[in-house]
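Novice: In full-length UniProt numbering, the protein residues as written are 1 to 560. Just so you know, even glycine gets a beta-carbon here, dropped at the ideal spot from N, CA and C. Note that the structure is predicted; figures quoted are calculated from it, not measured.
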Amino acid sequence: MTQFGLALSGGGFRASLYHLGVIRFLHDANLLQNISHITAVSGGSVTAAHLILNWDRYNGDPDSFDDAARELVQFVQKDVRNKIVRRFPLASGLNILRQSVRMGSKRSLTRAGMLESDYRRHLYGDVGMLDLPATPHVFLLSTNLNEGSLCAFHQGGMLMQRRRANGDLHFEQIDAGLTTVATAVAASSAFPGFFPPMELSAANLGARESDFRKLSLTDGGIYDNIGLRMFHYLRGKELRNQYHADELKRIFVSNAGATFKIRSEGRAGGLVVTALRSTDILLDRVNQLEDEAFRGFENAVFFPITQTVESEFAALNLPRSIQKQIAFIRTDMDHFSDLEVDLLVRHGYAVAKSICEEKLSDELATPVKQVTWSPLKQSRSTSPSLPKLPQSEPASRTASPMIQAGRELRGSSSRSVFSTLFDGRDWSSYFWIPVLLVVLLAPPMVLYRTMKKSRTQSQVLQAIQSTSPVYNQIIRLLSLPGPPEIATPPVEIVDQIQGLQTTGFDAIMDHRIIDLRKWDGTEQKDIAPYMYARVKLLRQEDSVDGHLILSSDVCATAPW
Numbered sequence: 001m002t003q004f005g006l007a008l009s010g011g012g013f014r015a016s017l018y019h020l021g022v023i024r025f026l027h028d029a030n031l032l033q034n035i036s037h038i039t040a041v042s043g044g045s046v047t048a049a050h051l052i053l054n055w056d057r058y059n060g061d062p063d064s065f066d067d068a069a070r071e072l073v074q075f076v077q078k079d080v081r082n083k084i085v086r087r088f089p090l091a092s093g094l095n096i097l098r099q100s101v102r103m104g105s106k107r108s109l110t111r112a113g114m115l116e117s118d119y120r121r122h123l124y125g126d127v128g129m130l131d132l133p134a135t136p137h138v139f140l141l142s143t144n145l146n147e148g149s150l151c152a153f154h155q156g157g158m159l160m161q162r163r164r165a166n167g168d169l170h171f172e173q174i175d176a177g178l179t180t181v182a183t184a185v186a187a188s189s190a191f192p193g194f195f196p197p198m199e200l201s202a203a204n205l206g207a208r209e210s211d212f213r214k215l216s217l218t219d220g221g222i223y224d225n226i227g228l229r230m231f232h233y234l235r236g237k238e239l240r241n242q243y244h245a246d247e248l249k250r251i252f253v254s255n256a257g258a259t260f261k262i263r264s265e266g267r268a269g270g271l272v273v274t275a276l277r278s279t280d281i282l283l284d285r286v287n288q289l290e291d292e293a294f295r296g297f298e299n300a301v302f303f304p305i306t307q308t309v310e311s312e313f314a315a316l317n318l319p320r321s322i323q324k325q326i327a328f329i330r331t332d333m334d335h336f337s338d339l340e341v342d343l344l345v346r347h348g349y350a351v352a353k354s355i356c357e358e359k360l361s362d363e364l365a366t367p368v369k370q371v372t373w374s375p376l377k378q379s380r381s382t383s384p385s386l387p388k389l390p391q392s393e394p395a396s397r398t399a400s401p402m403i404q405a406g407r408e409l410r411g412s413s414s415r416s417v418f419s420t421l422f423d424g425r426d427w428s429s430y431f432w433i434p435v436l437l438v439v440l441l442a443p444p445m446v447l448y449r450t451m452k453k454s455r456t457q458s459q460v461l462q463a464i465q466s467t468s469p470v471y472n473q474i475i476r477l478l479s480l481p482g483p484p485e486i487a488t489p490p491v492e493i494v495d496q497i498q499g500l501q502t503t504g505f506d507a508i509m510d511h512r513i514i515d516l517r518k519w520d521g522t523e524q525k526d527i528a529p530y531m532y533a534r535v536k537l538l539r540q541e542d543s544v545d546g547h548l549i550l551s552s553d554v555c556a557t558a559p560w
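1) Report yes or no: do the stretch 69-84 and the stretch 15-24 share at least 3 C-beta pairs separated by less than 8 Å?
2) What separation, rounded to the nearest whole angstrom, lies between the Cα atoms of Arg517 and Pro529?
3) Residues bridged to Lys214 by DSSP?
4) Pull up the distance between the alpha-carbon of Arg539 and that of Met509, whole angstroms please.
5) If I measure Cβ to Cβ from Thr143 and keep anything under 6 Å in the same chain, skipping five residues before and after, which residues do I get?
6) Near Met1, what residues of its chain come up, given a Cβ to Cβ distance below 8 Å and the 5 sequence neighbours on each side ignored?
7) Between the C-alpha atoms of Ala352 and Pro443, what's the straight-line distance to the nearest angstrom?
8) Looking only at C-alpha atoms, which of Pro62, Leu289, Glu298, Ala91 sits nearest to Ser374?
9) Start and end of the beta strand (DSSP E) containing Val85?
10) Between the Cα of Leu53 and the Cα atoms of Gln370, Ala182, Leu169, Asn166, which residue gives the shortest distance?
11) Classify Lys388: buried if its beta carbon has 16 or more other beta carbons within 10 angstroms, exposed otherwise.
12) Which residue's Cα is closest to the Cα of Gly177: Ala152, Met198, Ala184, Leu205?
13) If Ala7 and Phe336 are in contact, beta carbons under 8 Å, what's the gap, nearest whole angstrom?
14) List the DSSP bridge partners of Asn255.
15) Measuring alpha carbon to alpha carbon, tell me which of Ser428, Leu228, Thr39 ends up nearest Asn287.
16) Does the Cβ-Cβ distance between Gly12 and Asp332 come in under 8 Å?
17) Taking the alpha carbon of Arg346 as the point to measure from, which residue in Asp334, Ser361, Pro367, Ile305 has its own alpha carbon closest?
18) Near Leu90, which residues of its chain fall below 8 Å by C-beta distance, leaving aside the five closest residues on each side in sequence?
19) Around the Cβ of Ala112, are there at least 16 other Cβ atoms within 10 angstroms (buried) or fewer (exposed)?
20) Nearest-angstrom Cα distance between Phe4 and Glu363?
21) Kindly identify the DSSP beta-bridge partner or partners of Ser142.
22) What are the boundary residues of the beta strand (DSSP E) that Ser36 is part of?
23) Using 8 Å as the cut-off, can you tell me whether the stretch 117-132 makes contact with the stretch 151-170, which would need three or more C-beta pairs spanning the two stretches below that distance?
24) How far does the alpha helix (DSSP H) with Glu358 in it reach, from first residue to last?
25) Considering Glu71, what are the terminal residues of the alpha helix (DSSP H) in which it resides?
26) So for Glu363, helix, strand or coil by DSSP?
27) If we cut at 8 Å on Cβ distances, does Asp61 have a partner in chain C?
28) Quick one: grab the DSSP three-state call for Ala463.
29) Let me make sure I understand the geometry here. Which of Asp515, Pro469, His244 has the alpha-carbon closest to that of Arg534?
30) Taking Cβ to Cβ, would you say Asp28 is nearer than 8 Å to Val439?
31) Assuming the contact rule is C-beta atoms closer than 8 Å, Leu141 and Ser216 should be a hit. Round their C-beta distance to whole Å, please.
32) Taking all protein chains shown into account, decide if Tyr532 is buried (16 or more other Cβ within 10 angstroms of its Cβ) or exposed.
33) Once DSSP output is grouped into helix, strand and coil, what is the label at Thr180?
34) Please state the DSSP three-state secondary structure of Ala186.
35) Check whether the Cβ atoms of Ile226 and Val253 lie closer than 8 Å to each other.
36) Could you tell me whether the Cβ atoms of Ser354 and Val301 are closer together than 8 Å?
This is the structure in structure tokens:
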């Protein structure tokens, strides 16, 4: 029997939906049942795991395929990323509490662990990799951060690349019988920037501690975002006899990887923005090199998301200029609208059909008459063609569905966080309402109270200032940048300074203000402290000597 391979690239839920359209075409062309090897990365792993888990349904009649596909679409529309964002602060608090009582952190309370839990509850259940059908062989790819190499989960356990002393890579088969499908897909799709590496111990996977103690795994797209390099390894002499991938007649490569987005603004951004942008450039360069290295891969047929088709075969009859926008839909794991789902799936179907009819027309056992396909119920009952107005009717002033779709696609390229963070169907959204109210209302309330207190203090100071020369002088000095220059008083040269003469005078007032704003504790005269003195004396009537001698040994003194 003729056998084929299927490589599903990464690219978030955008890739999951695009691959679904490609798989439906392979089903309609009677090629899907002959797929014997599947490699998948990130968003491709989401689709591949569901495909192999429901292999008989996907290979059944069209209605069975539709029912299985709807399960995947419903999960993609659950807004997984924002759901994790809403729960993560609470989960982090619980993890900190567990660590404080020496219970240790829990993987299910991390972001990657919550992604795994979502996969388990809503898509794959608690099925283990060993429970999957023996064929087709499926390899869910992840990147091993410990050794900077590839890690592939499959039905028999795990293939891990190891580095020899000379730096050469080789594969080591590890028995990981406790690995669940949810764990493998989470490790493959935990994209960096949002999800931290998924840390798995040997006990978590049912492996021996002699194989490894702890693995740090992240998105497989860091190492191989297309999935074709794994086929290169499977065809190599090290794995050829075990998996027989060299016997494949064709390898269908569904590539929905990220299209590099050019920034028009000239601002470089801060440290974090620059780091993320540098990562994007690095990953884009890696994808370019992978594409260049495997463009001539033997018997490989590529279905790139950047491909455009004739408008009569495209989703909603979109012209090529608007079809190009589909490749810029965000590679994220948030909620995808019905239009985004519809266009991605239809585009995957149309691209696969167009390329196969162009390059493999002689090999197609069953000509596919169907133009396109959508998993959405409302889409199947309507024609993908755009309505045309009769010539006798005046032209409509409203935008056509084609233009409306193009406009929405422009907005689909950017990630939305805060605008889509609240979801009335999720209980965790209501938990954050009082927190949000406190965050929004607390600053104005604090500012109001501060201003009210400041106004009261100002009124008190004004009252004191109007009745006290001392406070009046202090406020005047505070309005100045520093002590003013003190004019040198007249100097009288005497032989000696007599003792202070206070006879005949009564001190009525003696106020002193010492200004230390420019004094640094040294004895330098130019930065010495200043003292402002206000002395009021009353000379007695019987005073004989009318002279008054004032002496200051502390600092420069100026009267006011």
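Specialist: With the given structure in hand:
1) yes
2) 8 Å
3) Beta-bridge partners assigned by DSSP to Lys214: Ser201.
4) 13 Å
5) So the qualifying residues of the chain are Thr218, Gly220, Ile222, Tyr223.
6) Asn34
7) Ala352 and Pro443 have their C-alpha atoms some 56 Å from each other.
8) When only C-alpha atoms are compared, the closest one is Pro62.
9) Run containing Val85: none in the beta strand (DSSP E); it sits in the alpha helix (DSSP H), 80-100.
10) When Gln370, Ala182, Leu169, Asn166 are compared, the shortest CA-CA separation from Leu53 is found for Ala182.
11) Low local confidence applies: a pLDDT of 44 at Lys388 is under 50, so the model's placement there is unreliable, and no value is given.
12) Leu205
13) That belief does not hold up - the Cβ atoms of Ala7 and Phe336 are roughly 23 Å apart, past 8 Å.
14) Beta-bridge pairing links Asn255 to Pro304.
15) Leu228
16) In this structure, Asp332 lies closer than 8 Å to Gly12 by Cβ.
17) Ile305
18) In its chain, beyond the 5 residues on either side, Ser428, Phe431 have a beta carbon closer than 8 Å to the beta carbon of Leu90.
19) buried
20) 12 Å
21) Cys151, Asp219.
22) First-last of the beta strand (DSSP E) with Ser36: 35-41.
23) yes
24) 338-359
25) 62-76
26) coil
27) Of the chains in the structure shown, none is chain C; there is only one protein chain.
28) The answer is helix: DSSP assigns Ala463 an H, G or I state.
29) Pro469
30) no
31) Incorrect: roughly 15 Å between the Cβ atoms, too far for contact.
32) buried
33) Three-state result, Thr180: strand.
34) helix
35) For Ile226 and Val253, yes; Cβs fall inside 8 Å.
36) no
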